[in-house]
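Have a look at the structure below, then the notes.
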Amino acid sequence: MKRLLRWAGARRHLLALALVALLTALALRNPGVGGTAPRHEWLVIVDITQSMNVPDQHLPKAAGASVEALSRLALSRALLRSALNELPCESRLGIGIFSEYRSLLLITPVEVCAHRSELAGLIGRLDSRMAWAGNSEVAKGLYSGIGIAAALPSHPALVFLTDGHEAPPLSPRFRPVFNGERGAVAGALIGVGGSVPLPIPRTDPLGRPIGVWGADDVLQTDPRSFGRGGSVAGEAMVDGGEDAASSQTVPLPGATPGREHLSALREDYLRLLAGETGLRYARLETVPGLVTALTDPGLARTVPVRLPLAPWFAAAALVGLLLLYLREDLVRAQAWLGRQAQRLLQRGPRVSAATRPQR
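Just so we're aligned: 72 in the numbering used here is position 57 of the sequence shown, and the numbers increase by one with no gaps anywhere.
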């Protein structure tokens, strides 16, 4: 009988080992099942025009330390680099720049964790000296960025960082028309800059500072101006069909007639552009705020993914091994505790001489 029990126990042991081996083999094969999951992918385009050099931003060096004045472009670089460390793995990020009236793609979206150092290095080198012209036609640059995002095979969300400063200034009646489908490209328009108009730094062709732009150095316009024309032949411009006399006296949101040599964040204008293109609007202030804007669920896309089963098989194999080799120890420990309890019950309570009754 004992031999039969030992044989049955050995058989169960072998079967358990075989099951653990099977689970381990499955874990090594790393099987998976198909599914879907939300994934973020962005094309971040940064305005590098001259107004982005206005030093009206501040980034604390450390808690309780003094703050250092930064340009809008420097703040954009710093917060973008810091936000890289907070973005989830498997998300993808591409970089572009805006100058004149169009956006330029520098790098297509790549996985952020595998390429964090390369992305941080590229962001850190964004500079206004990369600009190929002095104009800053924000609306056209935004439309160009939307077109780039729509043309990429992965269709990333567009994140456009700018202060909204149009140079030369626009007339509200003759604004560029957005010919795309509103909301076809998800994204966010991020405003950068302070609310107080400040002089725009001026540089020579090599990028060296040579003062600031004066009122007589830039094109000024007043509310009665018809504004500049198109940048390219045949370009359509907005015409609301209003009476000319009335429409020419209504300034563009955030415009500063006669003070175009000064620059501030034109938030109302950016909100207008965001509403017309179907983008969200946010203001660049902190790293958590930027990360929140980037990881907004509305910017994520549902993509097919492979869900690995290897961790589950490996965990099951580990549990099986623990149960297999600890079972005998647990049985012996349980038997020992039982014997100790039985001995205590057999001895019964001890009665000391001091408490023994006297005859």
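The beta carbon of each residue, even a glycine, is placed where N, CA and C say it ideally should be.
Where residue i falls: helix, strand or coil (DSSP)
i	result
Q355	helix
W57	strand
L4	What the structure shows of the chain is the stretch from 16 to 374, and residue 4 is not part of that stretch, so it cannot be assessed.
V125	strand
P214	strand
L360	helix
R179	For the sequence presented, residue 179 should be read as Gly rather than Arg. Coil, per DSSP.
T264	Residue placement at T264 cannot be trusted, given a pLDDT of 41 that sits under 50; the coordinates are not used to answer.
V334	helix
R274	coil
A40	helix
R347	helix
A203	strand
A234	First, the residue type needs correcting, since residue 234 is Leu and not Ala in the sequence shown. Coil.
R197	coil
P312	helix
A33	helix
S97	helix
L341	helix
D258	Here D258 scores only 42 on pLDDT, less than 50, and its place in the model should not be relied on; the value that follows carries that caveat. In this structure, D258 counts as coil in the three-state DSSP scheme.
L90	helix
Alpha carbon of residue i to alpha carbon of residue j, nearest angstrom
i	j	result
G229	G208	20 angstroms
A40	F328	9 angstroms
L299	P171	20 angstroms
S159	R117	5 angstroms
G206	L322	38 angstroms
G293	R188	21 angstroms
Q355	L102	58 angstroms
A259	G156	Any reading at A259 needs caution, since the residue's pLDDT is 39, under 50, leaving its predicted position unreliable; the model's value is listed next. The alpha-carbon atoms of A259 and G156 are separated by roughly 27 angstroms.
I110	P124	7 angstroms
G353	L341	18 angstroms
Q263	L185	A caution first: Q263 carries a pLDDT of 41, below 50, which makes its placement in the model unreliable, though a value can still be read off. Each residue's Cα considered, the two are about 11 angstroms apart.
R217	A52	48 angstroms
S86	E196	34 angstroms
L38	G335	9 angstroms
S261	L277	Annotation note: pLDDT 39 at S261 (below 50); position unreliable, no value reported.
T310	L337	41 angstroms
Q361	L32	41 angstroms
Residue i: first and last residue of the uninterrupted alpha helix (DSSP H) it sits in
i	result
P191	Premise fails: P191 is in no alpha helix (DSSP H) and is neither H nor E.
Y296	No alpha helix (DSSP H) contains Y296, which is instead part of the beta strand (DSSP E) from 295-298.
V302	302-309
A164	153-166
G136	131-139
When the options are compared against residue i, the one with the closest alpha-carbon
i	options	result
I140	L294, R298, A330, S91	The question names Ile, yet the displayed sequence has Arg at residue 140. Among L294, R298, A330, S91, the Cα nearest to that of R140 is on S91.
V227	D62, Y340, N68, A308	N68
L121	A129, G136, C128	G136
D219	R281, G149, E282	G149
S114	T307, L88, A93, W57	L88
S106	E56, E152, L85	E56
A279	T51, L288, V211	V211
A42	A331, Q349, L337, A315	A331
L30	A350, R190, L324, L339	L339
D71	A203, D178, R131	D178
I60	N194, L108, N100	L108
I63	Q349, H130, R144	R144
R281	L176, L360, T317, R223	L176
E126	W147, I138, L94, L99	L99
A182	A165, L167, E152, N194	E152
Within-9 angstroms CB hit, residue i to chain D
i	result
V334	Chain labels in this structure do not include chain D; a single protein chain is all it has.
heavy atom of the ligand ZN below 8 angstroms from residue i C-beta
i	result
A33	Absent from the structure shown: the ligand ZN. Ligands present: none.
Beta-bridge partners of residue i, as assigned by DSSP
i	result
T51	P319
H73	A84
A172	W57
R117	S114
Unbroken beta strand (DSSP E) run spanning residue i, endpoints
i	result
A289	No beta strand (DSSP E) contains A289, which is instead part of the alpha helix (DSSP H) from 282-292.
I110	107-114
I225	224-227
L221	Unbroken run through L221: none, as it is neither H nor E.
I63	Run containing I63: none; DSSP gives neither H nor E here.
L324	Element bounds for L324: n/a, residue is neither H nor E.
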